[in-house]
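Numbering (my numbering), first residue to last: 218 to 325.
Here the structure comes first, spelled out in structure tokens, and everything after it is commentary.
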């Protein structure tokens, strides 16, 4: 039988740290998008502007959006799994406690 021993407090800390780190992705994406727009304006070249626009969405901004969605989904789902694990531990402990309380007194 498999044994599970998840350190719930450590898992919560890791998840929280991950959420903090990935929460900056939308702002970084906006910074990247603004920088590309500024470069496009500064170069004053239709060819370079077209090239930057061609690269912007499919190669840079799109993957940044996808990475943000995947990071959020992973953190949310992992957090839910850890909380279910923790609740299962609490339920098992309460069940064991109630069964122990019903045991007859005496020597065995």
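Ideal Cβ placement from N, Cα and C applies to all residues, glycine included.
The structure presented is a predicted model; accordingly, all values stated were derived computationally and were not measured.
Review point. Near residue 245, which residues of its chain fall below 8 Å by C-beta distance, leaving aside the five closest residues on each side in sequence?
Key: By 1-based counting over the chain shown, the position of residue 245 is 28. Result list for residue 245: 281, in chain order.
Point to revise | Rounded C-alpha distance that separates residue 261 from residue 268 | key: To locate residue 261, count along the chain shown from 1; it is residue 44. To locate residue 268, count along the chain shown from 1; it is residue 51. A direct Cα-to-Cα measurement between residue 261 and residue 268 gives close to 12 Å.
Point to revise | Coarse secondary structure for residue 265, derived from DSSP in three states | key: Here residue 265 refers to the residue found at position 48 of the chain shown. DSSP, read as helix, strand or coil, puts residue 265 in helix.
Check your understanding: My guess is that residue 252 and residue 299 are in contact by the Cβ rule of under 8 Å, so how many angstroms apart are they, rounded?
Key -> Taking the first residue of the chain shown as 1, we reach residue 252 at position 35. Taking the first residue of the chain shown as 1, we reach residue 299 at position 82. The pair is not a contact, with the Cβ atoms about 37 Å apart (cut-off 8 Å).
Point to revise | Span of the alpha helix (DSSP H), counted from its first residue to its last, around residue 277 | key: The residue given as residue 277 occupies position 60 in the chain shown. Here residue 277 belongs to no alpha helix (DSSP H), and DSSP marks it neither H nor E.
Practice item. Just tell me which of 317, 306, 315 has its CA closest to the CA of residue 220. Key: Walking along the chain shown from the start, residue 220 turns up at place 3. Of 317, 306, 315, the residue nearest in Cα terms is 306.
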